[in-house]
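>
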Amino acid sequence: GANDNASGTAVLLGLAEELKKAPLKHTEVWLLATGCEEAGLTGMIHFVRRYGELLRTASCINIDAVGKGNISFITEEGMLRAYPSAPHLLDTAGKVSRALGGRVGPGQFRAMSTDSIPLLAGGYPAMTVMGVDNGKILNWHWRTDTVEHIDRTCLETAYSFVRNMLHELDG
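Using our numbering, the letters of the sequence shown correspond one by one to residues 10 to 180.
If you want it as structure tokens, here you go:
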């Protein structure tokens, strides 16, 4: 579970530390690490049921498996049905990507469901940031999903990308 999804949790905790020291000026940020993604997305489904009305105007960024691969902002995802990411998040991601010299690019993810699916299926604004290689998560559910196979550069890229997205959305 180092890449899926301790890597996303590490980025989330880094953002928490930074935001505690320097909160955004105009935006309230909720940082959430759900459980049970592989058990039917029950953690996110519960969260959406409880806070759904508050999420209608939110910008939900899912950080998943960012410890290896090409860090990408996912333009559409879903196994049976393709759910497009929120247009305003894709616009922001494109702008931030250009500012970072294109180190993060667009991608699609159709291999499995992520925590964005309950949001996107419910019409909530969401987008996933993840490391992929040809549409796949590297070391996904293999014994090789260990800390030795995490690429620190991928973590730093994902962190910078999401941090800059938050600042852009705050502006």
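Beta carbons: idealized from backbone N, C-alpha and C, even for Gly.
Since the structure is predicted, the reported quantities are computational estimates derived from the model, not experimental observations.
Going straight from the alpha carbon of W186 to that of E86, what length do you get?
A query on residue 186 cannot be resolved here, the shown segment of the chain reaching from 10 to 180 and no further.
> Any idea which residues DSSP pairs M121 with across the strands?
Here the question's residue 121 lines up with position 112 in the sequence shown. For M121, which the question treats as bridged, DSSP gives no partner whatsoever.
> Could you spell out the range, first to last residue, of the beta strand (DSSP E) harbouring S81?
Walking along the sequence shown from the start, residue 81 turns up at place 72. Looking at the DSSP string, the run of the beta strand (DSSP E) that includes S81 is 79 to 86.
> Are the beta-carbon atoms belonging to S94 and T84 less than 8 Å from one another?
Mapped onto the sequence shown, residue 94 falls at position 85. Mapped onto the sequence shown, residue 84 falls at position 75. Yes; because the gap between Cβ atoms is below 8 Å, this pair is in contact.
> Looking only at DSSP bridge pairs, what is N71 linked to?
In the sequence shown, the residue the question calls residue 71 occupies position 62. The partner list for N71 (beta bridge, DSSP) reads T137.
> Can you tell which of H97, P115, M121, A42 has its C-alpha closest to the C-alpha of R269?
Residue 269 lies beyond the range of the chain shown here (10 to 180); nothing can be said about it.
> What span of residues does the alpha helix (DSSP H) with G61 cover, start to end?
Counting from one through the sequence shown, the residue named residue 61 turns up at place 52. Unbroken alpha helix (DSSP H) run through G61: 51 to 64.
> Can you tell me which of P96, G131, E27, N12 puts its alpha carbon nearest to the alpha carbon of V171?
What you label residue 171 is simply residue 162 of the sequence shown in a count that begins at 1. Out of P96, G131, E27, N12, E27 has the C-alpha closest to the C-alpha of V171.
> With respect to the alpha helix (DSSP H) encompassing D179, which residues constitute its N-terminal and C-terminal limits?
Within the sequence shown, numbered from 1, the residue matching residue 179 stands at position 170. Start and end: 161 to 179.
> If you reduce the DSSP assignment to three classes, tell me which class K34 lands in.
Taking the sequence shown and counting its residues from 1, the one referred to as residue 34 is at position 25. The answer is coil: DSSP assigns K34 none of H, G, I, E or B.
> Which term fits L147, buried or exposed, when burial requires 16 or more other beta carbons within 10 angstroms of its beta carbon?
In the sequence shown, residue 147 corresponds to position 138, counting from 1. Classification of L147: buried, given that the 10 Å Cβ count is 16 or more.
> Could you check whether L41 and A25 sit closer than 8 Å to each other, using their CB atoms as the reference points?
Numbered from its first residue, the sequence shown carries residue 25 at position 16. Numbered from its first residue, the sequence shown carries residue 41 at position 32. No, they are not a contact pair.
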